[in-house]
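Enquirer: Take a look at this one; I'll ask things after.
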Amino acid sequence: NGGLFRYDGFEVKSFVNRIGDANSVSANHVLSICQDREGIIWMGTLAGGLCRFDPKTESFRSFLSDSKDPYSLSNNNIFGIDIDQYGNIWMATNGGGICVLPASEKNQAQPKFKRIKGLENTRLFEIRIDRQNRFWTGVTDGPIIKGLIDTTDLAASPIEMITCAADTQEEYPGNYYYAFEEDAQGNMWISTTRYGLKKVDHQTQRIKHIGLINERDFLTPENYLTSLRVHPDGFVLLGTEKGIFQLEEYG
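In the working numbering, the protein residues as written are 358 to 608.
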């Protein structure tokens, strides 16, 4: 809840929301952040919509949802954000599905957002664009979503739904997808809070289910994963409530 912090190598400067000041960060709870090719910082916030920050001028601009405007932001709670190779900004929202700010609209006075068809009103917590220009996300208590970006009509980008639970796993409520990470080979790694770790093969697109619980060893990780990172050396770092674990594949 501290707003935005910037470290320039020498000192830290904070930017907080000031009630009534349009030139301040739109909310103090910043949930996601990315930077475009022009150096502009884009932030997803809790209840404050999308926020734009220009580091050169230290100026802010906010974009909010308007129930009367179908071209406005779909939801003010943006948990995940990423930018594709064309400069379009993709947002995973908590109740408004996937919302996209086209690159051509970023500097417009009243930009027109796009809403991906078929995912309206869904709760999403993360989104990732891979090197094949596909977007990945996951519906809370629902499937993994993979879609191919349609540059001619972003809203009509086709989606594919992938069942998360393995055949041997019982389905539980309360499953969230907090992280999607692509490795050097193009495989997509996915963290869940109920079903452990998932790996989607870049060639076959088959999903591998990696259960992490070992009841005989309390030092092993658990299936509740809060974060993950693929290390340049090939292993995967997993964030859990038991701490950080390193996973390596053999064979």
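Backbone N, C-alpha and C define an ideal beta-carbon position, used for all residues, glycine too.
Within its chain, find whatever has a CB closer than 7 Å to the CB of GLN542; leave out the 5 residues flanking it on each side and keep chain order.
Expert: Cβ neighbours of GLN542 beyond the five flanking positions: HIS559.
Enquirer: Taking the beta strand (DSSP E) that TYR364 falls in, what are its first and last residues?
Expert: Start and end: 361-364.
Enquirer: In or out: ALA513 buried (at least 16 other Cβ within 10 Å) or exposed?
Expert: Exposed, because fewer than 16 other Cβ atoms sit within 10 Å of the Cβ of ALA513.
Enquirer: Per DSSP, ILE564 forms a beta bridge with which residues?
Expert: For ILE564, which the question treats as bridged, DSSP gives the partners VAL557.
Enquirer: Apply the 10 Å Cβ neighbour rule to GLY552 and answer buried if 16 or more other Cβ atoms are within range, or exposed otherwise.
Expert: One detail in the question is off: residue 552 reads as Tyr in this sequence, not Gly. Counting Cβ neighbours within 10 Å, TYR552 comes out buried, since at least 16 surround it.
Enquirer: Quick check: what's the CA-CA separation for GLN442 versus ARG491?
Expert: Cα to Cα, the separation comes out at about 10 Å.
Enquirer: Starting from LEU604 and walking both ways along the beta strand (DSSP E), at which residues does that stretch end?
Expert: Taken as a continuous stretch (DSSP letters only), the beta strand (DSSP E) holding LEU604 covers 600-604.
Enquirer: Just verifying my parser: in three-state terms, what is the DSSP assignment at GLU483?
Expert: Note: GLU483 maps to strand in three-state DSSP.
Enquirer: Buried or exposed: where does SER461 fall if 16 or more other Cβ atoms within 10 Å of its Cβ makes it buried?
Expert: SER461 comes out exposed.
Enquirer: Hey, TYR529 and PHE470: beta-carbon distance below 7 Å or not?
Expert: Their beta carbons are not under 7 Å apart, which means TYR529 does not touch PHE470 by this criterion.
Enquirer: Let's see if you can read the secondary structure: which residues bound the beta strand (DSSP E) around THR402?
Expert: THR402 -> beta strand (DSSP E) spans 398-402.
Enquirer: Please classify ARG485 as buried or exposed, where buried requires at least 16 neighbouring CB atoms within 10 angstroms.
Expert: Burial call: buried.
Enquirer: In three-state terms, what does DSSP make of SER461?
Expert: SER461 falls in the helix class under three-state DSSP.
Enquirer: Within 8 Å, do at least three Cβ pairs link the segment 577-592 to the segment 521-540?
Expert: Short answer: they touch.
Enquirer: Out of ASP590, ASN580, PHE592, state which residue places its alpha-carbon closest to the alpha-carbon of LYS599.
Expert: The candidate whose alpha carbon is nearest that of LYS599 is ASN580.
Enquirer: Look at the Cβ atom of SER383, then the Cβ atom of GLY405, and state whether they are nearer than 7 Å.
Expert: Yes.
Enquirer: I need the straight-line Cα distance from GLU517 to ASN464, nearest angstrom please.
Expert: Cα to Cα, the separation comes out at about 32 Å.
Enquirer: For ALA300, name the three-state secondary structure that DSSP assigns.
Expert: Here the chain has residues from 358 to 608 only, and residue 300 is not among them.
Enquirer: Determine the contact status of ASN380 and PHE420, defining contact as a CB-CB distance below 7 Å.
Expert: Contact: no.
Enquirer: For ASP524, is the classification buried or exposed, using 16 other Cβ atoms within 10 angstroms of its Cβ as the cut-off for buried?
Expert: The residue in question, ASP524, is exposed, as its Cβ has fewer than 16 Cβ neighbours within 10 Å.
Enquirer: Thinking C-alpha only, which one of ILE564, ILE438, PHE592 is nearest MET400?
Expert: Comparing Cα positions, the closest option is ILE438.
Enquirer: Can you list, in chain order, the residues of its chain whose CB lies under 6 Å from that of THR497, leaving out five sequence neighbours each side?
Expert: Same-chain partners within the cutoff: ARG480, TYR533.
Enquirer: ALA449 by DSSP, collapsed to three states: which one?
Expert: In this structure, ALA449 counts as strand in the three-state DSSP scheme.
Enquirer: Let me know if THR508 comes out buried or exposed under the rule of 16 or more other beta-carbons within 10 Å of its beta-carbon.
Expert: Answer is exposed; the Cβ neighbour count stays below 16.
Enquirer: According to DSSP, what are the bridge partners of TYR534?
Expert: DSSP output for TYR534 lists THR549 as bridge partner(s).
Enquirer: Please name the residue, chosen from LYS555, ARG409, PRO468, that lies closest to SER595 on a Cα-to-Cα basis.
Expert: First, the residue type needs correcting, since residue 595 is Leu and not Ser in the sequence shown. Closest by alpha carbon: LYS555.
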